[in-house]
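Scroll down for the structure; my scribbles are underneath it.
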Ligand SMILES: [Fe+2]
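In my numbering, the protein residues as written are 190 to 444.
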């Protein structure tokens with residue numbers, strides 16, 4: 190299995206607090222059947238790219254060395270979760286931040302401030318560099334939560350979506366769980382990942398999360414779970430193409 194969105198690198202962002210925590214998070218991932226992880230530290234300042242790349246490469250090398258030393262069968266690939274501030278509109282070179290050296294770029298917005306128009310503008314900048322935009326946790330933004338069809342509009346532009354596994358059980362909020370479920374059930378989501386930051390909660394316990402989803406009172410269609418958790422993320426790592434999904438118009442249900 191692959192965890193394609195994980196804040197595993199120690200003392201890099203608000204993820205793993207220490208080397209010890211990062212190590213334990215890796216062990217937990219492997220115990221859950223994860224063989225490959227893409228480290229996606231927050232990339233917040235596109236003008237501080239040298240510093241980011243240097244820090245990331247030191248930590249990646251350290252963690253992979255540790256895995257070898259302790260014979261833990263986990264490969265950690267480089268990546269980033271690029272925060273789409275206005276700087277991104279000036280087209281800095283985004284290639285260094287793609288997932289595992291692929292053409293896929295994981296990006297996120299300010300939860301409250303992003304709008305559909307802004308999201309489309311950002312997607313077009315990413316596409317103009319011959320990269321493929323993958324929106325991280327689309328279920329967490331105000332503009333998608335207030336109008337689900339924003340997901341369809343972004344998909345029409347070529348955006349793919351990675352939902353957080355934890356969102357499906359309401360760990361990140363009730364509204365978020367409704368949209369995440371809708372996206373998985375309709376086929377709008379192409380990827381699921383932990384977005385793990387810690388060991389105790391928001392962690393790398395994938396099986397625990399999948400079990401919690403199975404027991405969740407609201408039904409989530411798990412037929413495609415292997416595609417979302419393994420096959421599609423593995424395609425990214427292998428440099429293969431992930432098909433753009435076709436899915437119906439998403440409508441917000443009124444309660
Ligand atoms: Fe994240």
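Beta carbons are placed, not taken as given, at the ideal position from N, Cα and C, and that holds for glycine.
Residues bridged to residue i [DSSP beta-bridge criterion]
i: residue 225; result: 191 and 264
i: residue 346; result: Looking at the DSSP assignment, residue 346 forms no beta bridge with any residue, so it has no partner.
i: residue 196; result: Paired residues: none, contrary to the question.
i: residue 233; result: Answer is none; residue 233 lacks a bridge partner.
i: residue 332; result: In DSSP, residue 332 forms no bridge with anything.
i: residue 288; result: Paired residue(s): none; residue 288 is not in a bridge.
i: residue 436; result: Paired residues: none, contrary to the question.
i: residue 270; result: 231
Secondary structure of residue i, DSSP reduced to three states
i: residue 296; result: strand
i: residue 312; result: helix
i: residue 351; result: strand
i: residue 322; result: strand
i: residue 252; result: helix
i: residue 369; result: helix
i: residue 381; result: strand
i: residue 240; result: helix
i: residue 402; result: helix
i: residue 219; result: helix
i: residue 390; result: coil
i: residue 207; result: coil
i: residue 304; result: coil
i: residue 413; result: coil
i: residue 430; result: coil
i: residue 408; result: coil
CB contact flag (residue i, residue j, <8 Å)
i: residue 195; j: residue 377; result: no
i: residue 245; j: residue 198; result: yes
i: residue 446; j: residue 394; result: In the structure as shown, the chain starts at 190 and stops at 444, and residue 446 therefore has no counterpart that could be examined.
i: residue 368; j: residue 334; result: yes
i: residue 363; j: residue 318; result: no
i: residue 300; j: residue 324; result: no
i: residue 365; j: residue 356; result: yes
i: residue 248; j: residue 201; result: yes
i: residue 289; j: residue 266; result: yes
i: residue 314; j: residue 280; result: yes
i: residue 312; j: residue 330; result: no
i: residue 192; j: residue 426; result: no
i: residue 238; j: residue 396; result: no
i: residue 392; j: residue 385; result: yes
i: residue 269; j: residue 286; result: yes
i: residue 278; j: residue 310; result: yes
i: residue 399; j: residue 414; result: yes
i: residue 219; j: residue 255; result: no
i: residue 292; j: residue 261; result: no
i: residue 344; j: residue 253; result: no
task: Evaluate contact between the stretch 327–344 and the stretch 369–376, counting only Cβ atoms and requiring at least three cross-stretch pairs below 8 Å.
output: Taking 8 Å as the limit for Cβ pairs, the verdict is that the stretch 369–376 does touch the stretch 327–344.
query: Quick one: any contact between the stretch 404–412 and the stretch 343–352, if contact means 3 or more CB pairs under 8 Å?
result: The stretch 404–412, when compared against the stretch 343–352, does not touch it at the 8 Å Cβ threshold.
task: For the stretch 414–434 and the stretch 229–236, state whether three or more C-beta atom pairs, one from each stretch, are separated by less than 8 Å.
output: Cβ pair count under 8 Å is below three, so no.
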